[in-house]
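Residue numbers (full-length UniProt numbering): 1 to 209. C-beta atoms are modelled at their ideal positions from N, C-alpha and C, and glycine is treated no differently. As the structure is a prediction and not an experimental result, all values here were calculated from the model. Down below is the structure, laid out as structure tokens.
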Amino acid sequence: MSHKPLSEQDYQRLSATLARFAGHGCMNLERLDGFFAALLAGPEAVRPADCLPLILGDAFDDESAFPSEKALEQFVALLRGHWQDIAEALKQGEFQPWLDADAAGQTTGNDWAEGFAAGMELLNDDWGLLFDSPDNAPLLEPIMILGFERHPDPEMRPFVDAIDAETRAELLASLSPSVHGIHDFFAAIRRQLEQEEQELEREEPRRPH
């Protein structure tokens, strides 16, 4: 079955719905994009429907958040569509992060990177494989720098001074290749585990009837 990407109108509807719940701690579209990118590029895919509490924040428990069951289903369908758009982009080697300008007209990438970090937390132990890989751990550097730039604890922030425009541009440009590199890293591990499992199955002695 061929992939049908979301239309511009679909994305406007998705963005508007997310914005409606901003006061409930709901993710905006940029943060959602980073969140989904982590789930799809990482150790194991987690379905969008399983992440609704994290995506919607307090609105998840608000029975009046959606006027009907159909409205909720339409929202979940939009989430699934964006998820599939990212999955297809990763498959084709064409992923680009969804980055929006802030109120001051600046594209910072903070929301996206914070969303990615939130996605990593769902499978924190498995992400340790990447952190422990000397060759591949640097892939996380631009994401972690932007993801912790606004951390409430100054000790957790990557730099004492503000990131200058040139450095930020370099970090933003690094996001796409980093995500693809992370995706390839975990895909290789999954393939290796599948091969080992198949070999074990072949080596298992047949039980007598």
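Requested in this report: Give every residue of the same chain whose Cβ lies closer than 7 Å to the Cβ of G57, excluding the five residues on either side of it in the sequence, and list them in chain order.
Outcome: F21, H24, G25 and C26
Report task. For S64, I'd like the list of residues in its chain whose CB is within less than 8 Å of its CB, leaving aside the five on either flank, ordered along the chain. Result -> If we look at S64 and ignore the five residues flanking it on each side, it has no Cβ neighbours.
Query - Where F159 falls, given that 16 or more other Cβ within 10 Å makes a residue buried - result: exposed
Query raised in the report: Apart from the five residues on each side of it in sequence, which residues of its chain come closer than 7 Å, Cβ to Cβ, to L171?
Result: G109, P142, I145 and L146
**Report entry** Beta-carbon proximity list for N28, same chain, < 8 Å, skipping 5 on both sides
**Finding:** Answer for N28: S15, L18, A19, A22, D100 and D111, listed in chain order.
Report task. Provide the residue span of the alpha helix (DSSP H) that contains Q92, from first to last. Result -> E69 to Q92 is the extent of the alpha helix (DSSP H) around Q92.
Query raised in the report: How big is the Cα-Cα spacing for D10 and K4?
Result: Taking the CA atoms as reference points, D10 sits about 12 Å from K4.
Requested in this report: Pick helix, strand or coil for residue 234, following the three-state DSSP scheme.
Outcome: Because the chain is modelled from 1 through 209, residue 234 falls outside the range shown and cannot be assessed.
Requested in this report: Just mark P138 as buried or exposed, buried being the case when its beta carbon has 16 or more other beta carbons within 10 Å.
Outcome: Here P138 is exposed: its Cβ has fewer than 16 other Cβ atoms, across all protein chains shown, within 10 Å.
Report task. Using 10 angstroms around the beta-carbon of E196, count the other beta-carbons present and answer buried if the total reaches 16, otherwise exposed. Result -> Around the Cβ of E196, a 10 Å sphere holds fewer than 16 other Cβ atoms; the residue is exposed.
**Report entry** CB-CB length for P48 against L79, believed under 8 Å
**Finding:** 4 Å
**Report entry** Integer Cβ distance of D33 from W98, believed to fall under 8 Å
**Finding:** 4 Å
Query raised in the report: My guess is that S176 and Q106 are in contact by the Cβ rule of under 8 Å, so how many angstroms apart are they, rounded?
Result: With 8 Å as the limit, S176 and Q106 do not qualify as a contact, their Cβ atoms being about 19 Å apart.
Query - Sequence-distant residues of its chain with Cβ nearer than 7 Å to R157 (five each side left out) - result: F148, E149 and H151
Report task. Could you name the residues of the same chain whose beta carbon sits closer than 7 Å to that of D102, not counting the 5 residues immediately before and after it, in chain order? Result -> T108
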